[in-house]
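Have a look at the structure below before the remarks.
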Amino acid sequence: MDTKPPLNRRFIQRMGIALVVLIVLGYTVYAQAALTIRAQVRVGGIRVGGLTRERAAEAVSKSLGNSQDEAVTLVVEGKKYPIPAADIRLRYDIAGAVEKAWGVGRTGNPLLRIGQLAMLPLFPRSLPVNTTLDEALLRNEIANIKHAVDEPGKDIRLKVSEGVVTILTDTKLGFILDESEAMQAVIDAIAEKKNETRPLTLTDVQPSVAYENAPKAKEEAERVITHPLTMTDAERRFTISTERLGGWLQSIPQGPQLQIAFNDALVSEYITTIAKELNAESQAPKVIVSNGRVVEFLEPRTGRSLDQDQTVSLIKDALQKRADNVTEITELALPVKVENPVVTDQSAQELGIVELIGSASTRFTGSPPNRISNIKNGVKFLTGILIKPGEEFSTLKTLGKIDNTTGYLPELVIKENRTVPEFGGGLCQVSTTLFRAVLATGLPITSRQNHSYRVSYYEKDGDGISIGPGLDATIYNPAPDFRFINDTGVAILIQGHVEGDTITFDFYGTKDGRVATVDGPHTLSSTPAGEPIYIETDTLKPGETKQIERAHAGGSAIATYSVVYPDGTKKEQVFKSLYRNWPAQFLIGADPTKATTTESMSNQ
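Residue numbers for the sequence shown follow the numbering used here, beginning at 81 and rising by one.
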């Protein structure tokens with residue numbers, strides 16, 4: 081009996097097996113194709129069809145080779161100048177190019193994908209590898225090469241030396257590198273992915289200025305350096321010398337013409353140094369009070385910023401107007417932006433200590449060590465003092481006990497008809513500076529007394545310039561005292577400091593719009609010191625002398641202190657100062673063979 085299946089059944093079985101094999105093969109091919117780039121696709125000229133994205137990226141990177149590390153080499157006059165890719169931040173976007181290759185036949189709608197796949201055998205796709213670079217860095221590389229290869233020529237030009245402008249006529253053919261051509265050569269080489277040398281030639285530069293045009297430029301240059309140029313703002317003055325102006329001058333050939341110009345780099349460099357002196361960040365005040373005294377203070381400071389670009393433009397414009405004989409500009413206002421501090425400290429706001437409202441300085445040049453020590457000690461006791469609204473300030477009360485227990489040293493003071501050493505000698509420098517700070521602030525003064533005789537320390541201002549007698553204030557416990565009232569409506573903080581031979585008091589509070597002025601001091605009269613006085617003593621050898629008092633001329637002075645308040649009210653105080661003439665006094669050793677006579681100084 082025949083057990084073979086019927087023919088139809090065998091056929092169906094075989095067809096089924098074949099179908100399964102085809103499905104498996106088809107799936108395998110499909111799965112493989114799903115992991116690889118379509119056939120007939122290239123990236124940067126390299127076949128990547130049938131490769132995974134990772135393998136394709138490796139193949140493209142390998143084909144680019146050294147071109148990824150060294151962009152291109154320029155050859156000028158036989159010398160090679162390589163430009164490393166890293167120095168111009170050259171980047172090849174291999175990943176982006178491979179991703180685009182992967183997308184062929186996979187992106188877009190179904191009809192587009194089918195169309196792409198159908199066209200690939202006839203029209204293979206070739207995708208570029210895009211590059212990026214930093215053009216500024218490339219420009220800098222080209223500039224370095226240019227600096228190395230250029231052979232500058234000489235044209236008719238100007239020379240400025242020690243204020244004299246000269247026309248130079250020695251000319252010479254020049255050779256220069258065309259920077260645009262060099263830039264393009266590098267960019268083309270990178271685009272072509274060819275790591276090869278690119279030869280460049282230098283361009284001839286012929287002298288072009290006609291001599292008859294040079295005298296005009298010479299006259300323009302001479303007008304530029306005729307006078308210095310001064311730049312000012314509210315606080316400072318900067319003068320640019322004619323020598324510096326001459327150093328900034330350049331003469332530029334413009335065809336047959338010779339034009340003057342100014343060296344931007346040198347002008348900018350100078351302005352940068354000025355900006356360092358002028359610029360300051362704003363600073364909000366900070367006040368910490370303990371037991372009625374300020375123990376920590378951060379002073380308010382206005383911010384200042386110089387517009388350097390605008391300053392350079394202003395200078396060049398002013399000098400060009402000189403050159404063109406338009407106008408003789410000798411002074412410019414500096415464009416300084418002012419930024420007022422924003423008060424955020426609660427204590428400062430509550431107290432009203434938000435800005436500087438008055439300041440004064442005096443100098444004590446030539447003072448002996450003990451006097452300097454006493455001045456510094458007195459400043460320490462007054463610094464940090466808060467004066468409440470409506471409060472009368474007493475200098476003596478605030479200084480407190482003045483003896484060796486509070487840090488003072490013996491130094492000369494005026495007492496009766498003598499100048500004798502006592503603790504605290506020199507504190508009148510403190511009270512005099514305080515007096516002038518009060519005058520600058522515009523506060524009412526309730527007690528002020530001048531010295532018995534003129535003292536040279538107090539006849540100069542804070543800059544050391546002589547102003548004469550009449551703006552001093554003496555103190556001596558218990559009297560005289562220097563006193564004044566805080567009538568600003570808010571607290572006033574006193575800050576003092578000593579720098580070198582200068583003492584300064586700053587008053588901080590809130591400005592209310594009052595304006596204070598001082599007319600004077602004016603010297604009304606002057607009297608000579610008088611003949612020296614000799615006092616016999618047995619403490620010296622017969623005839624030996626020792627000076628115990630210096631001579632001081634006497635006289636009188638007047639100063640009128642005016643304050644105009646915001647409502648227009650004006651108040652005046654007149655300070656009259658009378659100074660005794662003060663003869664020199666000497667001790668002289670008595671002659672025991674003669675009768676003893678003593679001439680004493682009479683009261684004046």
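Glycine included, every Cβ here is placed at the ideal spot set by N, Cα and C.
Note that the coordinates shown come from a computational prediction; the quantities given were computed from them, not determined experimentally.
For secondary structure counted as the beta strand (DSSP E) over 3 or more consecutive residues, the region 340 to 385 holds these complete runs in sequence order: 366 to 370 and 373 to 378. Here F585 carries a strand assignment [DSSP, helix/strand/coil].
The way I'd put it, the region 534 to 544 doesn't touch the region 569 to 578; fewer than three beta-carbon pairs between them come closer than 8 Å.
For D389, the secondary structure class from DSSP, reduced to helix, strand or coil, is helix. Using a Cβ-Cβ distance cut-off of 8 Å, the region 617 to 630 and the region 651 to 666 are in contact, since at least three pairs of beta carbons, one from each stretch, lie closer than that value. DSSP places D268 inside the alpha helix (DSSP H), whose first and last residues are E259 to A271.
Put simply, the region 643 to 662 touches the region 515 to 529. At least three CB pairs are less than 8 Å apart.
For Q665, no alpha helix (DSSP H) segment is defined; the enclosing uninterrupted segment is the beta strand (DSSP E) at Q665 to G669. Here DSSP, grouped into helix, strand and coil, assigns Y614 to strand.
Boundaries of the beta strand (DSSP E) harbouring H577: I572 to E579, taken from the DSSP string. Around the beta carbon of S657, a 10 Å sphere encloses 16 or more other beta carbons of the protein chains shown; the residue is thus reported as buried.
Beyond the five residues adjoining it in sequence on each side, T246 comes within less than 6 Å, by CB distance, of K239 in the same chain, given in chain order. By the CB criterion at 8 Å, I256 and A151 fall outside the cutoff. P549 has its alpha-carbon roughly 23 Å from the corresponding atom of S474.
For V184, there is no enclosing alpha helix (DSSP H), as DSSP marks it with neither H nor E. Relative to E408, the option among Q509, L573 and I305 whose CA is nearest is I305. Residue environment for N457: buried (at least 16 other C-beta atoms within 10 angstroms of its C-beta).
Note that the region 389 to 403 touches the region 334 to 353; at least 3 beta-carbon pairs, one per stretch, sit closer than 8 Å. With contact defined as three or more Cβ pairs closer than 8 Å, the region 612 to 624 and the region 557 to 574 are not in contact. A distance below 7 Å between beta-carbons, with the five flanking residues on each side excluded, links V123 to the following residues of its chain, in chain order: A136, V140, A177, V178, A181, L207 and V209. By the C-beta density criterion, D397 is exposed, having fewer than 16 other C-beta atoms within 10 angstroms. If you draw a 10 Å sphere on the C-beta of G158, you find fewer than 16 other C-beta atoms in it, and that means exposed. Contact check between the region 328 to 347 and the region 360 to 376: fewer than three CB pairs, one atom from each, fall below 8 Å, which does not count as touching. Taking C-beta separations shorter than 7 Å and ignoring five residues to either side along the sequence, the partners of T319 in its chain run P308 and T310, following chain order. Contact between R516 and T442 is confirmed by a C-beta separation of about 7 Å, below the 8 Å threshold. Across the set S636, K650, S439 and D552, the C-alpha of S439 shows the shortest separation from the C-alpha of L573. Within the DSSP secondary-structure output, T211 pairs in a beta bridge with Y172. A Cβ-Cβ distance of about 26 Å is found for the pair I354 and E300, leaving them out of contact under the 8 Å criterion. Rounded to whole angstroms, the separation of the alpha carbons of V459 and L489 is 14 Å.
Of all C-beta pairs linking the region 279 to 291 to the region 224 to 240, three or more are shorter than 8 Å, placing the two stretches in contact. Secondary structure within the region 390 to 446: the alpha helix (DSSP H) runs of 4 or more consecutive residues, fully enclosed, are 426 to 431 (chain order). Spatial neighbours of I222 in its own chain (CB-CB distance under 7 Å, excluding positions within 5 residues in sequence) are listed in chain order as E259, A262 and M263. Per DSSP, R594 lies in no beta strand (DSSP E) segment and is marked neither H nor E. By the criterion of a C-beta distance shorter than 8 Å, P448 is surrounded in its chain by E491, once the five residues flanking it on both sides are discounted.
Contact between V510 and I455 holds: CB atoms are separated by about 6 Å, below the 8 Å threshold. Cβ neighbours of R402 within its own chain (closer than 6 Å, five residues either side excluded): R303 and V304.
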